[in-house]
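Step one of this worksheet: look at the structure below.
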Amino acid sequence: MHNSQLKFIYLSLLLAFICLLIPWSGIALWLRPDFMLLVIIYWLLRAPNQCNVGTAWFVGLLVDLATGGIFGQYALAYTVTTFVAVVYQRRLVLFNSTQQLVYVFSLLILSQIVLLILKTFAGTEWLGWAYFLPSITGVLIWQLAVTLGLNTGRHSRGS
Amino acid sequence: MVQDFHQNFEHQQAPAFFARGPSPFARLVFFAALSLALIATDSRLQYLASIRENLMVLLHPLQVVANAPSQLYQFTNEYFSTHHRLLNENAQLKKQALKQNVALQRLNILTLENANLRDLLQANKTLVESTALAEIMHVGRDPFAKKIIVNRGTNHKVLAGTAVVDATGVIGQVTRTYPSSSEVTLITDKSLAIPIQVERNGLRAIAFGHGRDNTLDLPYLPANVDIQRGDKLVTSGIDGVYPVGLAVATVSEIKVTPDSPFARIVCIPTGGIENHRQVLLVSMPQVKVLTHDNNPNSTNNSKTPTSNTKNNVEKTQPQKPKETTQEQNPNKPQPNNPNKPHA
């Protein structure tokens, strides 16, 4: 069972990575949700034994490679985010779907804030509030997935 | 180190049946430290450049897969483009070709005349640059940086520092090369500077990218500088990166505030930075540094027509156009107005 789950984890991460590599441009680039982080959060809630802070760090490195930025930025942002996610993971079974949505949204925002701090140290300018749009689209995609019947770990105790 | 961490956090853990290896906090500390070390290494030292290059090769197949849908869309779009549109486009292109032919005839005469005059003056001949066509693969994924990725790389002998232009003007400069692609930093990026010259009066300055919106700044020019709205800025060519006389930007706004000795000049780039697919990589021929004692014939590069020259052309650093000014580079020929063919 675990092996098949691991396969699913890798497959979904690969798909998310290809989504990231799609040539986004213009407004789409601004709206592009952080697919990799969404997938990681999903697996953190669903299978915390297989997917942890280390996985997130490696995935972050991949994203760093793909974006062409300085190595370690996304890695650090994902590490911090997944740490928070893991700490509250056991409490999550008590959340209802709205609470869970807020929780995911704050995780996405957290990763963006960490990234923004790192970028500001590197000397880039504040891009305006539109910088946080990917978190909103990310949460919308999460809700869409939940509506379509994705089990986000709230009832996984029984299975 | 890691072992210590693990041991320290071992006794804080939940009972064994909840065990998940080292605690999340230990992992956080370990991986955060690792990321910070990576950030420091990558931003201050250059060790990771070649590693990144090799890893990008591994990513290439995935990139091709990701690009497939949009390329398929474009292909079908082109395939099913209407007869009418093609006819229209053909007629338009013929008209354009006719116009350009006329201009080209004048240019031939001017080039000849220019060569003669240069011979008379025993000045350097203008260098012939080599060009290569490249296609934009995708826009950079980092919203903080203005970058594009094109489909020519070290396999096609693209070097970092190559100028990138399109039909309407300068777009940017190659800053990173991978085996089959390279990264172009646009002139609107905050980290890129380009030496320019005002076409109207030959005033030289350096334009910096603004970073946030698609504009260029002309900083450090005094408030009484002779620049007007609508002035065209062209490359001055003194950097050895960009060929002389390519359109860069048009001045759109000049703000003079009483509390600052400098004018704030905003320019809009002429190159279709956001809306073209094909770009041209223009590499200046590599010129060897000659000293006066050397016999020019023995050290001549075959590509560069520098025979019978008295002045020597210095090879300038292609990566840093902002440091080169005319004063530092007195040997380069600087005719008063190199942009006559445009007039």
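Residue numbers (this note's numbering), protein chains in the order written: chain A, 121 to 279; chain B, -8 to 334.
Here a beta-carbon is modelled for each residue, glycine too, at the ideal position from N, C-alpha and C.
Option in B:A154, B:G236, B:E174, B:L50 with minimal Cα separation from A184 (chain B): B:A154
message = Give me the residue from A:L165, A:T267, A:V179, A:L140 with the minimum Cα distance to R210 (chain A).
response = A:L165
> What's the call for W249 (chain A), buried or exposed, on a 16-neighbour Cβ count within 10 Å?
Replying inline: exposed
- Task: Have a look at B:K86, B:N205, B:F71, B:A82 and flag the residue whose alpha-carbon is nearest the alpha-carbon of A136 (chain B).
- Result: B:N205
- prompt: What do you get for N292 (chain B), buried or exposed, if any count of 16 or more other CB atoms within 10 angstroms of its CB means buried?
  reply: Below a pLDDT of 50, predicted positions are generally treated as unreliable, and N292 (chain B), at 40, falls in that range; the measurement from the model is reported next regardless. It is exposed - the Cβ of N292 (chain B) has fewer than 16 other Cβ atoms within 10 Å.
>> Helix, strand or coil, according to DSSP, for S72 (chain B) in the structure here?
In response: coil
Give the residues from the segment 185 to 216 of chain B that approach chain A closer than 7 angstroms (Cβ to any Cβ), ordered along the chain. G202, R203
Legend entry - P60 (chain B) (DSSP reduced to helix, strand or coil): helix
Q.
Residues in the same chain with beta-carbon distance under 8 angstroms from Y223 (chain A), minus the five sequence neighbours each way, listed in chain order, please.
A. Y208, L212, F215
* Round the Cβ separation of N107 (chain B) and E126 (chain B) to the nearest angstrom and send it over; I've been treating them as touching at under 8 angstroms. => Rounded, the Cβ-Cβ distance is 39 angstroms, inconsistent with contact.
Using alpha carbons as the reference points, say which of B:Q219, B:T176, B:L111, B:P213 lies closest to G200 (chain B). B:T176
What separation, rounded to the nearest whole angstrom, lies between the Cα atoms of D154 (chain A) and T175 (chain A)? 16 angstroms
Just to make sure I have the definition right: I need the residues of chain B whose C-beta is within less than 8 angstroms of the C-beta of I256 (chain A). Which are they? Result: empty, since nearest Cβ-Cβ is about 15 angstroms, beyond 8 angstroms.
Taking a contact to mean a Cβ-Cβ separation below 8 angstroms, would you say L158 (chain A) touches T201 (chain A) in this structure?
no
Counting only beta-carbon separations shorter than 8 angstroms, does E147 (chain B) have a partner in chain A? Looking at the sequence shown, residue 147 (chain B) is not Glu but His. With 8 angstroms as the cut-off, H147 (chain B) does not count as an interface residue toward chain A.
Practice problem: Starting from F282 (chain A), trace the beta strand (DSSP E) both ways and give me its first and last residue. | Solution: With chain A covering 121 to 279 only, the question about residue 282 (chain A) has no answer from this structure.
Exercise. Using a cut-off of 8 angstroms between C-beta atoms, extract the partners of W150 (chain A) located in chain B.
Key: P134
- Task: Taking Q54 (chain B) as the reference, give the member of A:W144, A:W177, A:I138 with the closest Cα.
- Result: A:I138
So, does the CB of S132 (chain A) fall closer than 8 angstroms to a CB anywhere in chain B?
no
task: Output the residue ranges of the beta strand (DSSP E) runs that lie fully inside the segment 139 to 201 of chain A and measure 3 residues or longer, sorted by chain position.
output: none
Kindly indicate which residue of B:P234, B:L194, B:S61 has the alpha-carbon position closest to the one of G160 (chain B). B:P234
TODO: With distances taken Cα to Cα, identify the nearest neighbour of R191 (chain B) among B:R167, B:G221, B:T168, B:P213.
DONE: B:G221
- Kindly indicate if chain A contains any beta-carbon less than 8 angstroms away from that of Q65 (chain B). no
**Asked** Taking the alpha-carbon positions, what's the L228 (chain A) to T122 (chain B) distance?
**Response** 44 angstroms
Q) Should Y251 (chain A) be flagged as near chain B, meaning a C-beta pair shorter than 8 angstroms? A) yes
Notebook entry, point to check: Which word fits F241 (chain A), buried or exposed, when buried means at least 16 other C-beta atoms lie within 10 angstroms of its C-beta?
Noted result: exposed
**Request:** Could you confirm whether any beta carbon from chain A is found closer than 8 angstroms to the beta carbon of L27 (chain B)?
**Result:** yes
key: Inter-residue Cα distance where the pair is L98 (chain B) and L237 (chain B)   = 15 angstroms
(Q) Check this for me: beta carbons of L196 (chain A) and V234 (chain A), under 8 angstroms apart or not? (A) yes
Can the beta-carbon of D336 (chain B) be found less than 8 angstroms from the beta-carbon of T187 (chain A)? Since the first residue shown for chain B is -8 and the last is 334, residue 336 (chain B) is missing from the structure and cannot be characterised.
*asked:* Residues of chain A with CB closer than 8 angstroms to the CB of S34 (chain B), please, in chain order.
replied: I190, A242
query = What does H201 (chain B) pair with, by DSSP beta-bridge criteria?
reply = Looking at the DSSP assignment, H201 (chain B) forms no beta bridge with any residue, so it has no partner.
Can you pull the chain A neighbours of S61 (chain B), defined as C-beta to C-beta under 9 angstroms? I142, P143
* Asked: Using CA coordinates, which residue listed in B:Q65, B:V165, B:A198, B:L272 is at the minimum distance from A258 (chain B)?
  -> One point to set straight first is that residue 258 (chain B) is Cys, not Ala, in the sequence displayed. Answer by Cα proximity: B:A198.
Practice prompt. Assign A240 (chain B) to buried or exposed, taking buried as 16 or more other Cβ atoms, counted over all protein chains shown, within 10 Å of its Cβ.
Written response: buried
So the candidates are B:G262, B:R195, B:L207, B:Y38; which of them puts its Cα closest to the Cα of V216 (chain B)?
B:R195
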